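Peer 1: Numbering (this note's numbering), first residue to last: 14 to 781.
1. Rank 547, 270, 274, 253 by C-alpha distance to the C-alpha of residue 263 and give the top, closest one.
2. Over the uninterrupted beta strand (DSSP E) stretch that includes residue 152, give me the two end residues.
3. Using the three-state DSSP reduction, which class does residue 273 fall into: helix, strand or coil?
4. Keeping to the same chain, check which residues put their C-beta closer than 8 Å to that of residue 202; ignore five residues upstream and five downstream.
5. If you pair each beta-carbon of the region 285 to 303 with each one of the region 423 to 442, do three or more pairs fall below 8 Å?
6. Pull the bridge partners of residue 290 from the DSSP assignment, please.
7. Out of 331, 514, 496, which one is the CA nearest neighbour of residue 540?
8. Bridge partners of residue 189, per DSSP?
9. Roughly how many whole angstroms lie between the Cα atoms of residue 74 and residue 270?
10. Exposed or buried, which one is residue 261 when buried takes at least 16 other CB atoms within 10 Å?
11. Could you pull out every unbroken beta strand (DSSP E) segment of at least 3 residues lying fully inside the region 364 to 402, listed in chain order?
12. Under a Cβ-count criterion, where at least 16 other Cβ atoms within 10 Å of its own Cβ denotes burial, should residue 394 be classed as buried or exposed?
13. According to DSSP, is residue 559 helix, strand or coil?
14. Going straight from the alpha carbon of residue 6 to that of residue 80, what length do you get?
15. Taking the alpha-carbon of residue 424 as reference, which of 325, 232, 145, 309 has the nearest alpha-carbon?
16. Which of the three DSSP states is assigned to residue 219 in this structure?
17. Is residue 197 buried or exposed, if buried means 16 or more other CB atoms sit within 10 Å of its CB?
18. Suppose the cutoff is 8 Å on Cβ atoms and the five residues either side in sequence are ignored; what does the same chain contact list for residue 111 look like?
19. Between the alpha carbons of residue 133 and residue 120, how many angstroms are there, rounded?
20. What number of angstroms, rounded off, separates the C-alpha of residue 554 from the C-alpha of residue 128?
21. Among 305, 339, 299, which residue has its Cα nearest to the Cα of residue 314?
22. If I measure Cβ to Cβ from residue 213 and keep anything under 6 Å in the same chain, skipping five residues before and after, which residues do I get?
23. Would you decide whether residue 557 is buried or exposed? Buried here means 16 or more other CB atoms lie within 10 Å of its CB.
24. In or out: residue 385 buried (at least 16 other Cβ within 10 Å) or exposed?
25. Could you please give the first and the last residue of the uninterrupted beta strand (DSSP E) stretch that includes residue 123?
26. Determine the contact status of residue 493 and residue 562, defining contact as a CB-CB distance below 8 Å.
27. Please state the DSSP three-state secondary structure of residue 129.
28. Would you identify the three-state DSSP class for residue 625, choosing helix, strand or coil?
29. Could you work out which residue in 137, 90, 117 is closest to residue 125 when comparing CA atoms only?
30. Can you say whether residue 480 is buried or exposed, counting buried as having 16 or more other CB atoms within 10 angstroms of its CB?
31. Under the assumption that residue 346 contacts residue 488 (Cβ atoms under 8 Å), give the Cβ distance between them as a whole number of angstroms.
32. Residues bridged to residue 184 by DSSP?
33. Exposed or buried, residue 430, counting other C-beta atoms within 10 Å across all chains shown (16 or more means buried)?
34. Look at the Cβ atom of residue 302, then the Cβ atom of residue 316, and state whether they are nearer than 8 Å.
35. Alpha carbon to alpha carbon, what distance is there between residue 245 and residue 390?
36. Can you tell which of 380, 365, 419 has its C-alpha closest to the C-alpha of residue 428?
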C-alpha cells in the first residue's frame with residue numbers, strides 16, 4: 014500500500030516538519046472563510062449531487078471552466094457543473110432522496126442546486142427524475158429549449174429533448190408538474206400523460222397516454238429496485254446519499270456503544286478510512302474527499318468511523334434526522350506551514366473523526382449549520398456541547414490540543430501525502446508516505462488543510478474522450494426560475510485562494526469577478542441563451558390549468574410523437590385514452606420492453622424516443638416482470654388500462670405519516686399482474702400505487718420533520734392480464750406537512766378533513 018522506497022528519505026524530514034507543528038497553541042485569526050468579515054453568514058447547501066453511476070463515455074466540466082475531462086465516480090456535483098453522456102453511455106446523479114438518470118447523447122447542466130431548488134438545463138437528450146420526498150418550498154425544474162417543467166409532487170418523470178431542440182416530450186409516470194412556456198403559457202401535466210410540445214408558446218402539442226417502456230425505462234426501474242429494497246435503508250436516513258451501495262460491500266452489526274454499525278467486507282486487512290481515493294477542491298466546501306470504492310460516498314460524507322475490536326466500522330447518524338452533507342469528516346495535521354522537506358511544502362496528514370468528535374468546517378458557517386452538521390452525523394452529541402464548541406470556532410480560537418480525538422492514536426488511522434500530491438488530486442494509495450506515528454499523533458490539528466488549490470485540484474487532468482456538439486452551447490433555453498449568476502473561472506478566483514490558503518470562497522466571492530465584468534444579478538446577462546418566462550423569475554404557486562383539447566390531436570392520442578420533420582411512429586392502441594381537456598391520465602401497466610430482435614436487442618442503449626421513435630414497441634407477450642413492474646404484451650386485452658374510479662379529474666395524492674416499519678415488498682411473478690402502474694384518482698376516489706415501495710421508511714417521523722409522502726393502498730385486488738379487474742383502495746387521510754426541522758419525535762396526529770381540489774393541487778403528491 015505504501016511505497017517503501019520513499020520511507021527512508023522522507024521519514025526524517027516528515028518527523029522534522031511535524032515536530033515544528035507539535036505546539037499546543039490555539040489557532041489565531043478569524044474562522045475559516047471569514048477573513049475578518051462581519052454580517053450574516055451564507056451557509057453552503059446541506060446537499061450536493063453524487064455522480065453514482067457511469068457507463069461508457071461520460072464527460073464533465075466543473076463550474077466556471079470550459080475544458081471537458083473524464084467524469085469520476087463519487088464526485089460531488091454543485092451549481093455550474095456540466096455533464097455530457099455520449100453515444101451508448103449513461104450516468105446517474107443522487108440528490109438526497111431523489112435521483113436523476115441521464116441517457117445517451119444528453120447534455121446536462123446544473124443551473125442551481127441548493128436546499129430548496131434543483132434546476133437543470135437539458136439541452137438535448139433524455140432525463141429520468143424520481144422524487145421520493147419534497148420538503149417545504151422545495152422544487153425540481155428541468156429547463157429545455159421548448160419549455161421549463163417544474164415538479165411540484167413526489168413521483169417519477171421523464172423528459173426527452175429532440176436532437177434539434179425543436180420539441181420536448183414530458184412524460185409523467187407518477188406525480189404531476191407544470192409546463193411553462195413563453196407568453197405566459199402554463200399547463201398542468203398529470204400522471205399518466207405523455208405530452209409533446211413543439212413550440213415555446215405551448216400552442217402546438219400532442220397529448221398521449223404513456224408509451225410502452227423502453228430500454229432506458231428498464232434501466233431506471235432496475236436502479237430503483239436497488240434503492241427501494243436496500244437493507245441499509247433500515248439503519249440510515251433516507252436522505253443519506255449512497256446507502257444502497259452498502260448492502261453488497263459490507264455487513265451491519267449492533268455494537269453496544271455505537272448502535273448499528275456497518276463494517277466493509279471488500280477491503281484489505283490493513284485498510285483504513287480516507288485512504289483509497291483523492292482530494293479535490295469543490296466549490297464552497299473546499300477540500301473534499303472523492304473515494305475510489307463504488308460504495309465510497311455515504312461513509313465518507315455522513316456519520317463517523319470507529320475502530321471496534323480489530324476493524325473499522327461506520328456509525329451513521331440518527332435515522333430520523335435530516336442529514337447534512339460534509340466534504341470530509343476528518344481532522345487535518347500539517348500542510349501549508351512553510352517547512353520544506355525537499356518535496357515542496359510540508360506534508361498533509363489527516364485521520365477520520367470518531368463518533369463523539371466535533372467536526373469543524375473549513376468554511377464559515379452559522380451556528381445552526383454548525384449544530385446540524387454535527388448532530389445529524391453523530392449520535393454522541395447534544396445541542397449544549399455543540400454550542401460550546403461553536404463559540405471558539407466563530408472567534409477563530411479553537412484549541413485543538415485540548416480535544417481528545419478518538420482515532421488519533423489508532424494505528425494506521427493517520428494518512429499523509431506530500432503537499433504536491435494532495436494539491437494535484439493524486440491517488441492517496443500511491444502517494445502515501447510512512448511517518449513516525451508518535452510524531453503525527455502529537456502534531457498540531459486543524460479543521461482544514463491550509464493549502465491553496467491549483468487548477469489540477471478542481472478536476473482530473475484526463476481529457477474527455479467525447480465532446481458535446483458545439484451547436485448545443487448557444488441553444489436557447491426556457492426557464493421558469495432565474496438561476497444564480499455563473500461561477501467565475503478558476504483563473505479569476507485563484508488570487509483569492511492564495512490570499513487565504515485552504516479557505517473556500519463564499520458564493521458571492523466566487524461570482525464577484527463575473528459580476529464586476531458587467532453581469533446582472535441573477536445571471537441572465539451572463540447566460541444570454543436563457544429566457545426566463547415568469548414574472549419576477551419565480552414560478553407561480555397557484556394550480557396550473559389542465560391542457561385543453563388540441564383541435565388537431567383529439568383523435569391522435571395513440572401517436573408517438575417524433576421531432577419536427579421526422580417520421581411519426583404509431584404506438585400500440587390501448588383501450589382507454591387520455592383526455593387532456595379534463596386533465597385525465599391513464600396508463601398501461603409498465604414493464605421492460607423486449608424488441609422483435611429478441612433478448613439481444615436489450616443489450617444496446619438505443620432508447621431515446623426522439624432519436625429512435627420506433628425502437629420501443631413491445632412484441633414479446635411473455636416478457637418477464639422486473640423490479641416490481643409487470644410485463645406488457647401486444648394483445649389488446651393485456652394493454653387495456655386498469656379502470657380508475659372518477660378518473661375524469663386528477664389531483665395530487667394525499668400524504669400520510671408512516672408510524673410503523675413497512676412490510677417488505679414482494680415482487681410479482683411473471684404470470685401475475687397487479688395494480689402496479691395503475692393511476693391515482695383524486696382524493697375523493699380510489700387510489701392505487703405501483704409496487705415500488707415509494708415512501709416507506711423505518712423510523713417514526715418527528716413532528717418537526719416533513720413527512721414521507723406516501724399513499725398506503727388497501728383492499729387491492731390482483732388479477733391476471735386476461736381478466737383484469739378494477740383496483741380500488743380506501744383514500745388515506747390528509748396530513749399537513751410540518752416545517753423542515755430535524756428534532757423530537759412526533760405524537761400521533763388526527764388528520765384534517767379532505768380539502769377541495771384547488772388546495773390539493775398546491776400540495777405535494779403521494780409517494781407510490
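A virtual CB, placed ideally from N, CA and C, is assigned to each residue, including glycine. Remember, predicted model here, so these are calculated numbers, not experimental data.
Peer 2: The answer reads as follows:
1. To locate residue 263, count along the chain shown from 1; it is residue 250. Nearest of 547, 270, 274, 253 to residue 263, Cα basis: 274.
2. Counted from its first residue, the chain shown places residue 152 at position 139. From DSSP, the beta strand (DSSP E) with residue 152 extends over 152 to 156.
3. As a first step, residue 273 is located in the chain shown; it is residue number 260 there, counting from the start. Three-state DSSP puts residue 273 in a strand.
4. In the chain shown, residue 202 corresponds to position 189, counting from 1. Sequence-distant Cβ neighbours of residue 202 in its own chain, meaning closer than 8 Å and more than five residues away, are 162, 183, 185, 189, 190, 191, 192, 208, 560.
5. Note that the region 285 to 303 touches the region 423 to 442; at least 3 beta-carbon pairs, one per stretch, sit closer than 8 Å.
6. Counting from one through the chain shown, the residue named residue 290 turns up at place 277. According to the DSSP secondary-structure assignment, residue 290 is paired through a beta bridge with 304.
7. The sequence position of residue 540 within the chain shown is 527, counting from 1. Here the closest residue by C-alpha is 496.
8. Along the chain shown, one-based indexing puts residue 189 at 176. Here residue 189 is bridged, per DSSP, to 203.
9. In the chain shown, the residue the question calls residue 74 occupies position 61. In the chain shown, the residue the question calls residue 270 occupies position 257. Rounded to whole angstroms, residue 74 to residue 270 spans 44 Å at the Cα level.
10. The residue labelled residue 261 in the question sits at position 248 within the chain shown. Around the CB of residue 261, fewer than 16 other CB atoms lie within 10 Å, so the residue is classed as exposed.
11. For the region 364 to 402, not a single whole beta strand (DSSP E) run of length 3 or above is found.
12. Against the chain shown, residue 394 aligns to sequence position 381. So residue 394 counts as buried.
13. Here the question's residue 559 lines up with position 546 in the chain shown. Residue state, collapsed to three classes: strand.
14. Lying outside 14 to 781, the shown extent of the chain, residue 6 is not represented and no answer is given.
15. Numbered from its first residue, the chain shown carries residue 424 at position 411. Cα-wise, what sits closest to residue 424 is 325.
16. Taking the first residue of the chain shown as 1, we reach residue 219 at position 206. Per DSSP, reduced to three states, the secondary structure at residue 219 is strand.
17. Translated into positions along the chain shown, residue 197 becomes position 184. Residue burial is scored here from C-beta neighbours: residue 197 has fewer than 16 other C-beta atoms within 10 angstroms and is therefore classed as exposed.
18. Counting from 1 along the chain shown, the entry for residue 111 is found at position 98. Result list for residue 111: 131, 142, 143, 144, 145, 146, 153, in chain order.
19. Working through the chain shown from its first residue, we reach residue 133 at position 120. Working through the chain shown from its first residue, we reach residue 120 at position 107. Approximately 10 Å, taken between the alpha carbons.
20. Position 541 of the chain shown, counted from the start, is the residue given in the question as residue 554. Position 115 of the chain shown, counted from the start, is the residue given in the question as residue 128. Computed Cα separation, rounded: 18 Å.
21. Indexing the chain shown from 1 puts residue 314 at position 301. For the residues 305, 339, 299, the minimum Cα distance to residue 314 belongs to 339.
22. Working through the chain shown from its first residue, we reach residue 213 at position 200. Excluding residues within five positions, the ones whose Cβ falls inside 6 Å are 159, 194, 195, 491.
23. Looking up residue 557 in the chain shown gives position 544. By the Cβ neighbour-count rule, residue 557 is buried, with 16 or more other Cβ atoms within 10 Å of its own.
24. Locating residue 385 in the chain shown gives position 372, counting from the first residue. Answer is buried; the Cβ neighbour count reaches 16.
25. Within the chain shown, residue 123 is the residue found at index 110, counting from 1. From DSSP, the beta strand (DSSP E) with residue 123 extends over 119 to 126.
26. Mapped onto the chain shown, residue 493 falls at position 480. Mapped onto the chain shown, residue 562 falls at position 549. No; because the gap between Cβ atoms is not below 8 Å, this pair is not in contact.
27. Along the chain shown, one-based indexing puts residue 129 at 116. Of the three classes helix, strand and coil, the one that applies to residue 129 here is coil, per DSSP.
28. As a position in the chain shown, residue 625 is number 612, starting the count at 1. With a pLDDT of only 48 at residue 625, under the threshold of 50, the placement of this residue in the model should not be trusted; the figure read from the coordinates follows. Correct three-state label for residue 625: coil.
29. Indexing the chain shown from 1 puts residue 125 at position 112. Ranking the options by Cα distance to residue 125, first place goes to 90.
30. Start at 1 with the first residue of the chain shown, and residue 480 comes out as number 467. Exposed, by the Cβ-count rule.
31. Locating residue 346 in the chain shown gives position 333, counting from the first residue. Locating residue 488 in the chain shown gives position 475, counting from the first residue. Cβ-Cβ separation between residue 346 and residue 488: approximately 49 Å, too far for a contact (criterion under 8 Å).
32. As a first step, residue 184 must be located in the chain shown, where it is residue number 171. Partner(s): 171, 207.
33. In the chain shown, residue 430 corresponds to position 417, counting from 1. Within 10 angstroms of the beta-carbon of residue 430 lie 16 or more other beta-carbons, which makes it buried.
34. Taking the chain shown and counting its residues from 1, the one referred to as residue 302 is at position 289. Taking the chain shown and counting its residues from 1, the one referred to as residue 316 is at position 303. No, Cβ-Cβ distance for residue 302 and residue 316 is not below 8 Å.
35. If you number the chain shown from 1, residue 390 lands on position 377. If you number the chain shown from 1, residue 245 lands on position 232. The alpha-carbon separation between residue 390 and residue 245 amounts to approximately 16 Å.
36. Here residue 428 refers to the residue found at position 415 of the chain shown. Selected option, being the one with the closest Cα: 365.
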